[in-house]
Amino acid sequence: MKLPKGCTLVVASHNKGKVREIFDLLAPYGITVKGAGELGLPEPEETGTTFAENAILKARAAALATKTYALADDSGLAVAALDGSPGIYSARWAGETRDFTLAMAKVARLLTELNKTDRSAKFVCSLALSDPDGKVEVFEGEVHGHLEFPPRGSNGFGYDPIFVANGMHETFGEIDPALKHSISHRANAFKKFAAAVLA
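Below, the structure written as structure tokens:
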């Protein structure tokens with residue numbers, strides 16, 4: 027599947043931080059990006075059991091509703107000592123209000139309650155691209171690192187203030203957004219996406 031130059035791409039997300047990151051990643055390619063929220067699209071129920079399944083659900087729903095190409099991202103934090111949680115439930119851990127301060131506190135509390143010293147974690151991203159007919163391709167990326175508490179930094183979003191990528195000392199909440207865009211799980215998935223459909 028190749029994206030036509032100058033086409034409009036719907037980002038099937040109501041998460042403004044996620045839409046902004048994808049917009050920034052697509053900026054050099056001359057593609058018009060619209061968020062599902064600004065188009066008034068409903069959020070489909072995420073009934074998948076993996077990041078890829080949920081990304082496919084969201085991309086296909088947006089593409090069929092708008093009759094255009096749609097890109098969905100399902101991503102989250104997988105903490106080794108919590109058996110990969112919060113995983114696909116990363117956003118839901120933040121509750122209806124998407125309060126990630128509470129979600130990060132829950133991660134810290136569980137690690138303490140379970141007496142876990144392993145702080146290794148990874149961010150996982152599945153990007154699903156659907157054409158207007160609902161045909162989908164999936165691209166996946168990861169970034170490995172560890173967690174640090176208390177949260178640090180106000181850049182980024184979600185769990186960024188507690189995640190430090192391998193080889194770094196600052197959290198994703200502290201580093202320059204341009205640097206994060208070059209090394210994140212989303213960036214790694216995006217590189218595969220760009221090589222396959224934008225080249």
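Residue numbers (the working numbering): 27 to 225.
Using N, Cα and C, we set each Cβ at its ideal position, and we do this for glycine too.
Within the model, the alpha-carbon separation for Leu-137 versus Val-105 is close to 10 angstroms. Contact annotation: Ala-89 and Ala-78 have beta-carbon atoms that are not nearer than 8 angstroms. Just so you know, the alpha carbons of Leu-224 and Pro-68 end up roughly 27 angstroms apart.
Just measuring C-alpha positions, the residue of Lys-44, Gly-193 and Leu-29 sitting nearest Thr-94 is Leu-29. According to the DSSP assignment, Phe-126 belongs to the alpha helix (DSSP H) that extends over 126-139.
Secondary structure of His-207 (DSSP, three-state): helix.
In the three-state scheme derived from DSSP, where H, G and I count as helix and E and B as strand, Phe-175 is classed as coil.
The beta carbon of Gly-121 sits closer than 7 angstroms to the beta carbons of Leu-128 from its chain, once the five residues preceding and following it are set aside; these are given in chain order.
In the DSSP assignment, the residues bridged to Cys-151 are Ser-101 and Gly-167.
Annotation: the continuous beta strand (DSSP E) that includes Ala-191 extends over 189-191. Relative to Ala-213, the option among Gly-63, Asn-41 and Phe-49 whose CA is nearest is Phe-49.
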